[in-house]
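Number of protein chains: 2
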Amino acid sequence: MALDDVKIKQLQDTANRLRILSIEATNAAKSGHPTSCASMAEVMSVLFFNTLRYSTKEPKHPSNDRFVLSKGHAAPILYATWAEAGLFPPEEVLNLRKLDSDLEGHPTPRLNFVDVATGSLGQGLSVSAGMAYVGKYVDKCDYRVYCLIGDGESAEGSIWEAMSFSSHYKLNNLCAIFDVNRLGQSEPTALGHKIETYEKRIQAFGFETFVVNGHDVKQVADAFAKASRVTDKPQAIIACTLKGKGFPGIEDRENWHGKPLGDKAKDVVNALKEQLHSANRIPHQLQSPVCKAPNVDLKAVKLSEPPNFKLGDKIATRQAYGDALVKLGRVNDRVYAMDGDTKNSTFSETYKKAFPDRYIECFIAEQNLVGVGIGFGCRARTIPFVSTFACFLSRAFDQLRMGAISQANIKCVGSHCGVSIGEDGPSQMALEDIAMFRTIPGCTVFYPCDAVSTERAVELAAQHHGIDFIRTSRPATPVIYSNDTVFEIGKAKIVKSSGADQCLVIGAGITLHEAIKAADALKTQHGVSIRVMDPFTIKPIDRDAIISNAAECGNRIVVVEDHYPEGGIGEAVAGALADQVNIRIKKLAVHEVPRSGPPDVLVDKYGIGSRSIIAAVHELLA
Amino acid sequence: MALDDVKIKQLQDTANRLRILSIEATNAAKSGHPTSCASMAEVMSVLFFNTLRYSTKEPKHPSNDRFVLSKGHAAPILYATWAEAGLFPPEEVLNLRKLDSDLEGHPTPRLNFVDVATGSLGQGLSVSAGMAYVGKYVDKCDYRVYCLIGDGESAEGSIWEAMSFSSHYKLNNLCAIFDVNRLGQSEPTALGHKIETYEKRIQAFGFETFVVNGHDVKQVADAFAKASRVTDKPQAIIACTLKGKGFPGIEDRENWHGKPLGDKAKDVVNALKEQLHSANRIPHQLQSPVCKAPNVDLKAVKLSEPPNFKLGDKIATRQAYGDALVKLGRVNDRVYAMDGDTKNSTFSETYKKAFPDRYIECFIAEQNLVGVGIGFGCRARTIPFVSTFACFLSRAFDQLRMGAISQANIKCVGSHCGVSIGEDGPSQMALEDIAMFRTIPGCTVFYPCDAVSTERAVELAAQHHGIDFIRTSRPATPVIYSNDTVFEIGKAKIVKSSGADQCLVIGAGITLHEAIKAADALKTQHGVSIRVMDPFTIKPIDRDAIISNAAECGNRIVVVEDHYPEGGIGEAVAGALADQVNIRIKKLAVHEVPRSGPPDVLVDKYGIGSRSIIAAVHELLA
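Protein chains in written order, with UniProt numbering: chain A, 1 to 622; chain B, 1 to 622.
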């Protein structure tokens, strides 16, 4: 919108009112980051009251422009801005950081105007890029995505992964704002006010850049207007700003990060009030959305046809994943797949071949891969499936951790788990992925052992809102379930049993098949019957079934897993049975950094093969 | 070294011999990446036989130039090169990927010429930057560090974090080589052969660049020579190459990633042999190291003076960390601290104030922070302590995972664990860090509860070779140990006991103090005696002490932790006691994504305070 003098003064006043409210809120909370808010006050004022097109009544309406505050510690000014926009009374911002307020120290989607939690730095741009990709290529709707990034956090590699992704896909509906206020938490940033270095880097990564004085509302507004007219590139507003701008004695000074102003607040607020052109708040004319995002039904998702395998046929679960995803894609065109240049190993390539427009190559940048996936899930626009080798998902642990706080809906599929990958060696083996995903609150951890259970795991994950992890294996494994088997989250299957079982063996994936081998050998060679359980999901684990089946097996349990012992299936079982007496559990897992070698040899060598299971059963029976 | 025609032909021949051996080795192994080796053959030939200054007899001699193969999947050509250098016979390379050979699918320090394991992409440059920093500023020795990076992996943000770090610290002894062969694993890279885009990005990140035809040995050699004369910047050789170079019908073609040539090998090898100028291998004249790195004794490290606190004084363990590190630094000048712009929160700032030259600010880039730390530990040059908020160490999980394979020596210190940080909210709370570090093979996980135990944890970590994690807390906690208390890895302490204890309560950090409060209340208000145990290290956990003390407490255990339940202290205990019958364990942990609020209120609300401990004890006694 073109700015006249009246509007300029109004926006400048609003910026100062946002500063004042940020000071008052952090002072009331006795903690928080008022100086980090002050550097971006004009940007927020211009963005929300001149540039963004949105409905205050429905902050998450799919047609609204999106705003992601990547520097989440500036939460007070985000809250102050929405109060200024009329979503709630300004006084409410004074409840900042109180236990009974959703205005937390850093923004979370407990608030209806927040799409994604921030506070761990450097993550906002990937999520924004995911949203922008959806806007441009999926919704095909003209909403724009704005992401405000602190200069300190621009040192995070994930920012540059997101930049690379955004320019590669020509996301001209994405605008990043770099708030270059020169000062980090504990000292000046590496680049300080070297604006030209920011410009060079950001341009080299394919963004159109606009350098502005971040405290000049006209410059900021003009830059946003020009940015919105760029047709082939994402844009970056590089705002040269001062931390604590407008706070006499504090502005641009060190040692003021994350500190409320305390007894200095009164003088600072008075100084800011003196800057106001109008003593009274004049309501802004807000801009409405310009497009209509399509209605989407993510609930209508299921396999287009049931599994269709022959018992005993050998298919790798990673391969079954690709086929299952195609079956979902046939039913729901909002199922999307993305991968980090491993699609020919994870079999997400199968989906790409079936639906080339619904696959997004994210190249070798797993933090961004997961961030983009989280962005795809925001505002319930798509069901994103994100795949790579399971071990490389560890690269995105912080993104997943934040994903839980974000109430994200993302399906992670990790292939090549455990020593059973063989010759590639330990760097490619996931041996800690179950532990990682188990820590994520609300995450479901699927570990299917055959093609039938994999198809159902993929379907259940798509139908479940939240973070899901499906662990797939590299080697082909025989189909053991009939095509009509019904699977549920948290429900184990007994795959071998008799009336005289002496031990319950719990295996999953590769080790389930080792347990079956062990059962056969124990029966024929030793006359010992064991019961074999497939937990199907490791989280939640089927505690009741474990307890009742253990009771029928002399309260003896062997757990065997292609994973390190810590946080894996063995500890999940031991933890679930911690309050039980009389049950003895023996845990078999990989206890050292493995080597390269043939899969079968490694499975045996590291003590998780049928030979070790047989020995463990004998030990418990001794 | 200046190149005459004879030398040029010799280096070209060597490159082709390396190609041939890479083909033969991967064919023998029936897996591996010969085409990824072929694109970098001339670079390896020139680097090892014209540029690098090293002793083949002592590949890890501290005065040698260093080489890190960041694209670890090209391991066969690394092995072939060392064979060509005379370290072992070329035939040995044919044992590639065999179980009884250390020539694994990706390089690990099981080999005496490998400093750091690679194979998870994008990690080599951070480690190299750490080594280069040590060379320039610590050893003050003229060895250089070379790091070969694949173009695909240059999409990883960690590469750009490392570039930013390296130029900021003017690491002119660091040379990165980008092998731009255009093809990733599953499709062409995002940038293909857009060499000018690489150049712009790399220059913008502060490197001096040299673009070469990577198959022209003269160009490559000249670029290395020029690079070595740059005095104020790190350098990058941008090598335009072809994947599968010299392999007729395969060169520059898709779908040849990670595939041995099989029955095509014979023709390709013949074609390569035809290129040879000399049928016989002519030995190279190798360059010797030009400097003498100082001798270092990392074993001589201990607190300069014992802890000196008063029982009951309140000091945060994070604060005690900083003081303890200074005490180590007084004794050993090879103790280094680094942080990600949180030094005023983690108290690594205390060390910076005492020894400004032995603190390295790594800014907000935790992957690089940990990578640099691993580089600092290589070849036993320093004892690196790396700190940030514990939750942000999750950003570097993949680096830590690889660190275990690298046999790294690095001490990680994570502050602000758990809900007890209070108002900042869940994004800043580490609630999965114990689970993460427990999965790392060989990692010791310290969780001190007071200043005395913190000082000893820091000392023990410094004396222990491997990866260590020290979890520190934000709030001040009273000193409970006398200054002469002796601590050991894997040995718990009983901090409250009587002859009539009815329950063993295991707490750590904040929750240990809650357990003490609970013990007092149970005693005075309910006449119930409980025993309180401080495990001190969570990994290894003191299984024997838990079993024997539990036996004296009616086999009742309550475990309480400021962490999610999965993979934490409760599961560590339950897992350790899995084979025990008769012991009942009740686990208290944080079961949902927490909110902002006052620390004490959150500790109570999320069920890990004294009130919940008392209730749990009563439940077990009921």
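For glycine and all other residues, C-beta sits at the position ideal for the given N, C-alpha and C.
Which bits of chain B does residue i rub up against, with CB to CB less than 8 Å?
| i | result |
| --- | --- |
| A/His193 | Near A/His193 there are no residues of chain B at all, since even the closest Cβ is about 15 Å away, more than 8 Å. |
| A/Thr342 | Gln185 and Ser186 |
| A/Gln502 | Result: empty, since nearest Cβ-Cβ is about 16 Å, beyond 8 Å. |
My output table needs one value for residue i: the three-state DSSP class, helix, strand or coil.
| i | result |
| --- | --- |
| B/Lys411 | strand |
| A/Val505 | strand |
| A/Thr241 | coil |
| A/Gln428 | helix |
| B/Asn213 | strand |
| A/Leu577 | coil |
| A/Glu619 | helix |
| B/Leu602 | helix |
| A/Phe389 | strand |
| A/Ala404 | helix |
| B/Pro109 | coil |
| A/Ala500 | coil |
| B/Thr444 | strand |
| A/Phe49 | helix |
| B/Tyr169 | coil |
| A/Thr317 | helix |
| B/Asp357 | helix |
| B/Arg471 | strand |
| B/Val479 | coil |
| A/Tyr564 | coil |
Could you tell me which chain A residues have their CB closer than 7 Å to the CB of residue i, listed as they occur along the chain?
| i | result |
| --- | --- |
| B/His465 | Going along chain A, no residue has its Cβ under 7 Å from B/His465, so there is no contact; the nearest lies around 15 Å. |
Residues of chain B with CB under 7 Å from residue i, in chain order?
| i | result |
| --- | --- |
| A/Arg97 | Glu423 and Ser596 |
| A/Ser158 | Gly157 |
| A/Leu121 | Ile364 |
| A/Ser36 | What A/Ser36 touches in chain B: nothing, since even the nearest Cβ is about 13 Å away. |
| A/Val601 | Leu99 |
Which residues in chain A sit within 8 Å of residue i, going by Cβ to Cβ distance?
| i | result |
| --- | --- |
| B/Tyr564 | Thr439 and Pro441 |
| B/Pro234 | The contacting residues do not exist; B/Pro234 stays about 14 Å from chain A at best. |
| B/Thr511 | Near B/Thr511 there are no residues of chain A at all, since even the closest Cβ is about 17 Å away, more than 8 Å. |
| B/Ala435 | Ala435, Met436, Arg438, Thr439, Glu566 and Gly567 |
Alpha carbon to alpha carbon, how far is residue i from residue j?
| i | j | result |
| --- | --- | --- |
| A/Val296 | A/Gly466 | 18 Å |
| B/Cys553 | B/Ser612 | 19 Å |
| B/Val335 | B/Val138 | 11 Å |
| A/Lys314 | A/Asp600 | 15 Å |
| A/Tyr359 | A/Ala316 | 21 Å |
| B/Glu254 | A/Gly568 | 38 Å |
| A/Met429 | B/Ile77 | 22 Å |
| B/Asp433 | B/Ser278 | 57 Å |
| B/Ala225 | A/Lys327 | 57 Å |
| A/Arg53 | A/Arg229 | 15 Å |
Going by the DSSP bridge assignment, what does residue i pair with across the sheet?
| i | result |
| --- | --- |
| A/Ile494 | A/Met533 |
| A/Asp179 | A/Gly150 and A/Ala239 |
Name the chain B residues whose beta carbon is nearer than 9 Å to that of residue i?
| i | result |
| --- | --- |
| A/Lys71 | Correct list: empty, because the minimum Cβ distance to chain B is about 10 Å. |
| A/His526 | None at all; the shortest Cβ gap to chain B is about 21 Å. |
| A/His106 | Asp424, Gly425, Pro426, Ser427, Gln428 and Ser596 |
| A/Phe392 | Ser120, Leu121 and Asp398 |
>> Using a Cβ distance threshold of 8 Å, determine whether the region 442 to 453 of chain B contacts the region 412 to 422 of chain A, with at least three qualifying pairs required.
In response: Not touching, per the Cβ criterion.
> Are the region 82 to 95 of chain B and the region 13 to 24 of chain B in contact at 8 Å, needing three or more beta carbon pairs?
Replying inline: Because the criterion of three Cβ pairs below 8 Å is met, the region 82 to 95 of chain B and the region 13 to 24 of chain B touch.
>> Under 8 Å: do the region 265 to 282 of chain A and the region 204 to 211 of chain A share three or more Cβ pairs, one atom per stretch?
In response: Put simply, the region 265 to 282 of chain A does not touch the region 204 to 211 of chain A. Fewer than three CB pairs are less than 8 Å apart.
>> With three or more C-beta pairs closer than 8 Å as the rule, is the region 92 to 99 of chain A touching the region 169 to 176 of chain A?
In response: Pairwise C-beta distances place the region 169 to 176 of chain A out of contact with the region 92 to 99 of chain A, as fewer than three of them are shorter than 8 Å.
>> I'd like to know if the region 184 to 200 of chain A and the region 231 to 244 of chain A are in contact, where contact means that at least 3 CB-CB pairs between them fall below 8 Å.
In response: Yes: the two stretches touch, three or more of their Cβ pairs being nearer than 8 Å.
> Three or more C-beta pairs closer than 8 Å, one from the region 585 to 599 of chain B and one from the region 556 to 573 of chain B: is that the case here?
Replying inline: Yes: the two stretches touch, three or more of their Cβ pairs being nearer than 8 Å.
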